[in-house]
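A.B. asks: With the first letter of the sequence shown counted as 1, position 126 gets the number 140 in my numbering; the numbers rise by one all the way through.
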Amino acid sequence: MKKTSSRLKEVADLVTSAERFLITAHERPDGDAIGSILAMGSLLKEHGKDVVMYTQDEVPSGLSFLPGVTSIEHSVPDWSANSFCLVVLDCNEIERVGEEGPGLLAKCQSSIILDHHLGEGFCNGVTKPCCSVIDTSASATGQICYELFMELGWNITKDVATCIYAAILTDTGGFRYSNTNGRTFELARELVEAGADPYGVALSCFESKPLSKLKLLGLALETLEVYYNGLLSIMTLTPEMFELCGSKESETDDFVSYARAIDTVEMAALIKEAKPGTVSVSLRSKRFVNVAELAGRFGGGGHFNAAGFRVSGNPLDVKERLIELAGQYLTGGKS
Ligand SMILES: [Mn+2]
Numbered sequence: 015m016k017k018t019s020s021r022l023k024e025v026a027d028l029v030t031s032a033e034r035f036l037i038t039a040h041e042r043p044d045g046d047a048i049g050s051i052l053a054m055g056s057l058l059k060e061h062g063k064d065v066v067m068y069t070q071d072e073v074p075s076g077l078s079f080l081p082g083v084t085s086i087e088h089s090v091p092d093w094s095a096n097s098f099c100l101v102v103l104d105c106n107e108i109e110r111v112g113e114e115g116p117g118l119l120a121k122c123q124s125s126i127i128l129d130h131h132l133g134e135g136f137c138n139g140v141t142k143p144c145c146s147v148i149d150t151s152a153s154a155t156g157q158i159c160y161e162l163f164m165e166l167g168w169n170i171t172k173d174v175a176t177c178i179y180a181a182i183l184t185d186t187g188g189f190r191y192s193n194t195n196g197r198t199f200e201l202a203r204e205l206v207e208a209g210a211d212p213y214g215v216a217l218s219c220f221e222s223k224p225l226s227k228l229k230l231l232g233l234a235l236e237t238l239e240v241y242y243n244g245l246l247s248i249m250t251l252t253p254e255m256f257e258l259c260g261s262k263e264s265e266t267d268d269f270v271s272y273a274r275a276i277d278t279v280e281m282a283a284l285i286k287e288a289k290p291g292t293v294s295v296s297l298r299s300k301r302f303v304n305v306a307e308l309a310g311r312f313g314g315g316g317h318f319n320a321a322g323f324r325v326s327g328n329p330l331d332v333k334e335r336l337i338e339l340a341g342q343y344l345t346g347g348k349s
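(1) I need the straight-line Cα distance from ILE178 to ASP129, nearest angstrom please.
(2) Does ligand 1 have even one heavy atom less than 8 Å from the beta-carbon of THR150?
(3) Can you pull the DSSP bridge partners for TYR343?
(4) Could you tell me which uninterrupted beta strand (DSSP E) segments, each at least 3 residues in length, are contained entirely in the region 70–134, listed from first to last along the chain?
(5) So which of VAL295, ALA320, LEU344, SER299 has the shortest CA-CA distance to ASP331?
(6) Could you spell out the range, first to last residue, of the beta strand (DSSP E) harbouring LYS145?
(7) Closest to GLY341 by CA distance: which of VAL240, GLU109, VAL83 is it?
(8) Give the straight-line distance between the Cα atoms of SER326 and THR194, rounded to the nearest whole angstrom.
(9) Tell me the DSSP secondary structure of PHE136 in three-state form.
(10) When the Cα atoms are used, what is the spatial distance from GLU204 to LEU183?
(11) What does the alpha-carbon distance come out to for the pair LEU344 and GLY82?
(12) Should GLY314 go down as buried or exposed, given a rule of 16 or more other Cβ atoms within 10 Å for buried?
(13) In chain order, what residues of the same chain lie with their CB nearer than 6 Å to the CB of GLY209, ignoring the 5 residues before and after it?
(14) What is the DSSP secondary structure of GLU41, counted as helix, strand or coil?
(15) In whole angstroms, give me the CA-to-CA distance for ARG298 and SER56.
(16) Keeping to the same chain, check which residues put their C-beta closer than 8 Å to that of GLY347; ignore five residues upstream and five downstream.
(17) One question on the structure: do ASN328 and LYS300 come within less than 9 Å of each other, judged by their Cβ atoms?
(18) When we look at the beta-carbon of TYR213 and count the other beta-carbons within 10 Å, is it buried (16 or more) or exposed?
(19) Using only the heavy atoms of ligand 1, determine whether one of them is closer than 8 Å to the beta carbon of THR155.
(20) Can you check the region 277–321 for any beta strand (DSSP E) of at least 3 residues that lies completely inside it and give the ranges in chain order?
(21) Under 8 Å from any heavy atom of ligand 1, does the C-beta of ASP71 make it?
(22) Please state whether the Cβ-Cβ distance between TRP93 and LYS59 is less than 9 Å.
(23) Between which two residues does the beta strand (DSSP E) containing LEU246 stretch?
(24) Using a 10 Å radius around the Cβ and a threshold of 16 neighbouring Cβ atoms, would you call PRO116 buried or exposed?
(25) What residues are listed by DSSP as bridge partners for ASP64?
(26) Report all residues from its chain with a CB closer than 8 Å to the CB of VAL293; omit the five preceding and five following residues, and keep chain order.
(27) Could you check if ASP267 belongs to the surroundings of ligand 1, using beta carbon to heavy atom distance under 8 Å?
(28) For ALA181 and SER50, what's the separation of their Cα atoms in angstroms?
(29) Just to confirm my understanding: we take ASN304, look at its own chain, exclude 5 residues before and 5 after, and list those with CB closer than 7 Å. What are they?
(30) If you measure between the beta carbons of SER125 and VAL102, is that distance less than 9 Å?
(31) Report the residue from LEU80, GLY76, PRO91, PRO43 whose alpha carbon sits nearest the alpha carbon of ASP64.
(32) Spatial neighbours of SER218 within its chain, please: CB distance less than 6 Å, with the 5 preceding and 5 following residues excluded, ordered by chain position.
(33) Using a 10 Å radius around the Cβ and a threshold of 16 neighbouring Cβ atoms, would you call SER349 buried or exposed?
(34) Comparing alpha-carbon positions, which option in GLU113, ASN106, TYR160 lies nearest LEU52?
(35) Quick check on the DSSP output: what are the complete beta strand (DSSP E) runs of length 3 or more inside the region 199–234, in order along the chain?
Structure, rendered in structure tokens:
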């Protein structure tokens with residue numbers, strides 16, 4: 015395994031040599047995904063590159079304050095084969111980009127992965143140039159983008175500082191999660207010095223929610239149940255609840271943190287059926303349960319303390335299986 019610093023150098027060389035970029039991140043993008051795409055897109059454009067920013071799904075309304083956000087597209091450009099470098103941010107499996115992911119990888123001339131989730135990345139499976147920095151110690155993908163900009167000697171503008179600050183603020187839950195460390199604060203300080211407004215970004219990220227979202231949260235809280243002497247908590251959302259509140263699926267991103275906030279809870283789950291037949295599950299833990307591993311048993315993934323998966327089927331069946339599997343982690347005697 016090469017060190018992160020030499021991998022950053024490889025990525026920097028690939029960035030310098032390519033002229034045209036398609037920058038993307040995982041489906042149902044979050045603050046880190048969008049903040050990283052915008053930071054990368056903005057600086058690449060500033061350095062004369064031809065850039066398209068793309069996400070399969072819409073940008074959550076809470077992130078609409080980010081500079082440049084309206085330039086993110088939701089359909090892929092009609093570019094010829096081998097004419098662009100594909101930049102995949104905040105995920106390292108090409109399928110996580112969404113339906114267009116594998117086609118983009120087949121079509122690009124080279125690819126770059128910057129991510130902080132567990133995983134090997136897809137570079138081993140491709141014959142074209144592919145460089146990755148997958149650093150699970152980074153608090154957010156935005157941090158790795160920042161380190162790449164330093165490697166390239168690129169100046170951090172106020173807009174870029176704002177996007178990266180938002181990426182880190184959201185991915186650390188406001189500097190509260192286990193991915194927060196000394197480097198996180200050091201970086202936050204550097205970003206504030208470069209022009210990011212901590213109070214302004216916090217207001218936009220955490221205190222600008224639509225009323226429909228809080229109505230939906232109210233319904234979700236009504237469904238809270240606990241198992242295994244309070245170690246596991248589960249909330250459930252049905253298509254009817256979304257309809258009743260006029261809410262979108264992207265409004266539920268942080269609901270699971272309310273289930274995790276209970277004093278006895280080690281592991282929390284939000285089981286969501288936004289469309290009939292498709293079940294999305296968000297998992298969180300506090301200390302000893304590796305929810306990335308648990309999500310992996312359903313075909314998903316993520317981090318040690320935050321993960322998720324999506325399956326088709328009946329939410330009640332998913333819930334039953336989840337409770338059973340969670341029991342192996344919660345009553346396994348580890349603490
Ligand atoms: Mn992230």
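The beta carbon of each residue, even a glycine, is placed where N, CA and C say it ideally should be.
C.D. replies: Well, looking at it:
(1) In a straight line, the C-alpha of ILE178 is about 14 Å away from that of ASP129.
(2) In terms of side-chain proximity, the C-beta atom of THR150 is found no nearer than 8 Å to any non-hydrogen atom of ligand 1.
(3) Looking at the DSSP assignment, TYR343 forms no beta bridge with any residue, so it has no partner.
(4) Whole beta strand (DSSP E) segments, 3+ residues: 99–103, 124–129.
(5) When VAL295, ALA320, LEU344, SER299 are compared, the shortest CA-CA separation from ASP331 is found for VAL295.
(6) In the sequence on display, residue 145 carries Cys and not Lys. Per DSSP, CYS145 is one residue of the beta strand (DSSP E) stretching across 144–148.
(7) From the listed residues VAL240, GLU109, VAL83, the smallest Cα separation to GLY341 is found for VAL240.
(8) Answer to the nearest angstrom: the Cα atoms are 34 Å apart.
(9) DSSP places PHE136 in coil when its eight states are reduced to three.
(10) Across the structure, GLU204 and LEU183 are spaced so that their CA atoms are roughly 14 Å apart.
(11) Rounded to the nearest angstrom, the two C-alpha atoms are 44 Å apart.
(12) With 16 or more other Cβ atoms within 10 Å, it is buried.
(13) Correct list, in chain order: LYS172, ALA175.
(14) Residue state for GLU41 is assigned as coil, using DSSP reduced to three classes.
(15) Take the alpha-carbon of ARG298 and the one of SER56: they are about 33 Å apart.
(16) Low per-residue confidence applies at GLY347: pLDDT is 48, beneath 50, and the placement is therefore not dependable enough to give any value.
(17) For ASN328 and LYS300, no; Cβs fall outside 9 Å.
(18) So TYR213 counts as exposed.
(19) Look at THR155: its beta carbon is less than 8 Å from one of the heavy atoms in ligand 1.
(20) Complete beta strand (DSSP E) runs here, min 3: 281–289, 292–299.
(21) No.
(22) In this structure, TRP93 sits away from LYS59, with a CB-CB distance that is not shorter than 9 Å.
(23) Under the DSSP assignment, LEU246 falls in the beta strand (DSSP E) whose first and last residues are 246–251.
(24) PRO116 counts as exposed, since fewer than 16 other beta carbons sit within 10 angstroms of its beta carbon.
(25) For ASP64, which the question treats as bridged, DSSP gives the partners ARG34.
(26) The answer, listed in chain order, is ILE285, LYS286, GLU287, ARG324, VAL325, SER326, GLY327, ASN328, PRO329, VAL332.
(27) Distance from the C-beta of ASP267 to the nearest heavy atom of ligand 1 is not below 8 Å.
(28) Rounded to whole angstroms, ALA181 to SER50 spans 7 Å at the Cα level.
(29) Within the same chain, Cβ atoms closer than 7 Å to the Cβ of ASN304 are found at PHE318, the five residues on either side in sequence being excluded.
(30) Contact check for SER125 against VAL102 passes: the beta carbons are separated by less than 9 Å.
(31) Of LEU80, GLY76, PRO91, PRO43, the residue nearest in Cα terms is PRO91.
(32) So the list reads PHE79, once near-sequence residues are dropped.
(33) Confidence at SER349 is low in this model, with a pLDDT of 38, below 50, so its placement is unreliable and the value that follows should be read with caution. SER349 is exposed by the Cβ-count criterion.
(34) For the residues GLU113, ASN106, TYR160, the minimum Cα distance to LEU52 belongs to TYR160.
(35) None, since the region 199–234 contains no complete beta strand (DSSP E) of that length.
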